[in-house]
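Using my numbering, the first residue of the sequence shown is number 1, and each one after it goes up by one. Data block below; observations after.
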Amino acid sequence: SRRVTVRDIARAKERGEKWPMLTAYDALTASVFDEAGIPVLLVGDSMGNVALGYDSTVPVTLDQITMLSAAVVRGTRRAMIVGDLPFGSYQEGPVQALRSATRLMKDAGVGAVKLEGGERSADQIRLLVDAGIPVMAHVGLTPQSVNAFGGHPVQGRGEEAAHQLLRDAKAVQDAGAFAVVLELVTAELAAEVTRSLHIPTVGIGAGAECDAQVLVWTDMAGMTDWPGGRKPRFIKEYARLREALGDAARAFGDDVVTGVYPAPEHSFR
Ligand code: KIV
Ligand code: NA
1 SRRVTVRDIA
11 RAKERGEKWP
21 MLTAYDALTA
31 SVFDEAGIPV
41 LLVGDSMGNV
51 ALGYDSTVPV
61 TLDQITMLSA
71 AVVRGTRRAM
81 IVGDLPFGSY
91 QEGPVQALRS
101 ATRLMKDAGV
111 GAVKLEGGER
121 SADQIRLLVD
131 AGIPVMAHVG
141 LTPQSVNAFG
151 GHPVQGRGEE
161 AAHQLLRDAK
171 AVQDAGAFAV
181 VLELVTAELA
191 AEVTRSLHIP
201 TVGIGAGAEC
211 DAQVLVWTDM
221 AGMTDWPGGR
231 KPRFIKEYAR
241 LREALGDAAR
251 AFGDDVVTGV
261 YPAPEHSFR
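As structure tokens, then:
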């Protein structure tokens, strides 16, 4: 049993096979997705929101990504593990990017790294790829720039924005990225990008024509508590984990308070 590789990913596009990607932030959850056959797991900087309680990905550090990536690698056998380079770990330039990516590969054992940005990150991508590090790119809405975007608007609307997104996608492909995430892009534009590239597109809020689809696992499983119940349109919940886990905690609590748990069969004598 070997890990999924970039060659497997390239072959899937040649064959027109779609594939799923999920985020993971701990060994136990990652093992569930690995056993379910999810071929690529992303230790996303979305851990800032999901696991660390921040309201953006901006504060996440390379130490945090490295620690949780190592856990996800240890918890899995088959999936390719992609570690996200956090804000501030590659923007200074290619040399800083190489130092950060090397650290993540050596200390956590990830098989690839991801970073945000199209044309603006092409030099970083090229140096990493030259050094033998598979890179997944990320264009469209790039959450590390939330303060520049002023929120999370859909990307690529309007002719100039559409052309820039196409240029960004081409730039990361030319720089050697093995795949590119398209986040919050109109379905029409994502389809055009997907047809234009020979590397796979991984959509999130980018319509059905992408080669792959990614979701933050807690969104996918119905664990996220959306403020005011306003779940973004692109998310489909495949379970009601928040409700199930809350019910379990309440039942445990009630049993302890009423003395139902532990029963004799849970006790040693
Ligand atoms: O950090 C993350 O979870 C991501 C995916 C949403 C692509 O970058
Ligand atoms: Na991310």
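Just so it is clear, CB atoms sit at the ideal spot from N, CA and C, and this is done for glycine as well.
Going along the chain, which unbroken runs of the beta strand (DSSP E) with 3 or more residues stay wholly within the stretch 120-150? 135-140, all fully within the stretch 120-150.
Stretch pair the stretch 43-57 + the stretch 93-100: three plus CB contacts closer than 8 Å: Because the criterion of three Cβ pairs below 8 Å is not met, the stretch 43-57 and the stretch 93-100 do not touch.
If distances are taken between C-alpha atoms only, which option among G140, A171, G150 and Q173 comes closest to R157? When only C-alpha atoms are compared, the closest one is G140.
Do L41 and V6 have their beta-carbon atoms positioned less than 8 Å apart in this structure? In this structure, L41 does not lie closer than 8 Å to V6 by Cβ.
Pull every residue with its beta-carbon under 5 Å away from any heavy atom of the ligand NA, and keep them in chain order. If you measure from each CB to the nearest heavy atom of the ligand NA, the residues under 5 Å come out as G44, D45 and D84.
Are the beta-carbon atoms belonging to L104 and G83 less than 8 Å from one another? For L104 and G83, yes; Cβs fall inside 8 Å.
Do A137 and V185 have their beta-carbon atoms positioned less than 8 Å apart in this structure? No.
May I ask whether a heavy atom of the ligand GDP can be found less than 7 Å away from the beta carbon of H152? In the structure on display, the ligand GDP does not appear, and the ligands it does have are the ligand KIV and the ligand NA.
With M220 and Y238 assumed to form a contact (beta carbons below 8 Å), what rounded beta-carbon distance in angstroms separates them? The pair is a contact, with the Cβ atoms about 6 Å apart (cut-off 8 Å).
I204: beta carbon under 7 Å from a heavy atom of the ligand KIV? Yes.
I'd like to know if the stretch 76-90 and the stretch 205-220 are in contact, where contact means that at least 3 CB-CB pairs between them fall below 8 Å. Not touching, per the Cβ criterion.
Do three or more CB pairs link the stretch 106-124 to the stretch 19-31 at distances below 8 Å? Judged by Cβ distances under 8 Å, the stretch 106-124 makes no contact with the stretch 19-31, as fewer than three pairs qualify.
Residue of A162, H152 and Y90 minimising C-alpha distance to L128: Cα-wise, what sits closest to L128 is Y90.
CA-CA distance, D254 and Q164? One C-alpha to the other measures close to 57 Å.
Nearest to F178 (by Cα), restricted to the options A191, T201 and E159: Distances from the alpha-carbon of F178 to those of A191, T201 and E159 put T201 closest.
Which residues share a DSSP beta bridge with G83? Answer by DSSP bridge pairing, in chain order: V43 and V113.
Assuming F190 and L182 are in contact, meaning their beta carbons sit under 8 Å apart, how far apart are those beta carbons, in whole angstroms? According to the sequence as given, residue 190 is Ala; it is not Phe. Their Cβ separation, rounded to whole angstroms, is 5 Å, which keeps A190 and L182 in contact under 8 Å.
Following a CB-centred definition, is R57 positioned closer than 7 Å to any heavy atom of the ligand KIV? A small fix is needed here, since residue 57 is Thr in this sequence, not Arg. Because some heavy atom of the ligand KIV lies under 7 Å away, the Cβ of T57 counts as near it: yes.
What number of angstroms, rounded off, separates the C-alpha of E35 from the C-alpha of E159? About 43 Å.
For T23, verify whether its CB is less than 7 Å away from any heavy atom of the ligand KIV. Inclusion of T23 in the 7 Å shell around the ligand KIV follows from its C-beta lying nearer than that to a non-hydrogen atom of the ligand.
Who are the near neighbours of A46 in its chain, counting only those whose CB is closer than 7 Å to its CB and skipping five residues on each side? As written in the sequence, residue 46 is Ser, which differs from the Ala given in the question. Beyond the five residues adjoining it in sequence on each side, S46 comes within less than 7 Å, by CB distance, of T23, T57 and V216 in the same chain, given in chain order.
W217, DSSP secondary structure in three states: Here W217 carries a helix assignment [DSSP, helix/strand/coil].
Using the Cα positions of L68 and F234, report the straight-line distance between them to the nearest angstrom. Going by the C-alpha atoms only, they are around 26 Å apart.
In whole angstroms, what separates the C-alpha of V180 from that of I199? Straight-line spacing of the CA atoms in V180 and I199 works out to 7 Å.
Quick one, are the C-beta atoms of A206 and W19 less than 8 Å apart? For A206 and W19, no; Cβs fall outside 8 Å.
Integer-rounded CB distance, given that S196 should sit under 8 Å from L166: Here L166 really is in contact with S196; their C-beta atoms are around 7 Å apart, less than 8 Å.
Determine which residues share a DSSP beta bridge with T23 and list them. As a beta-bridge residue in DSSP terms, T23 pairs with L42.
Does the beta carbon of V72 fall short of 7 Å from some heavy atom of the ligand KIV? The answer is no for V72.
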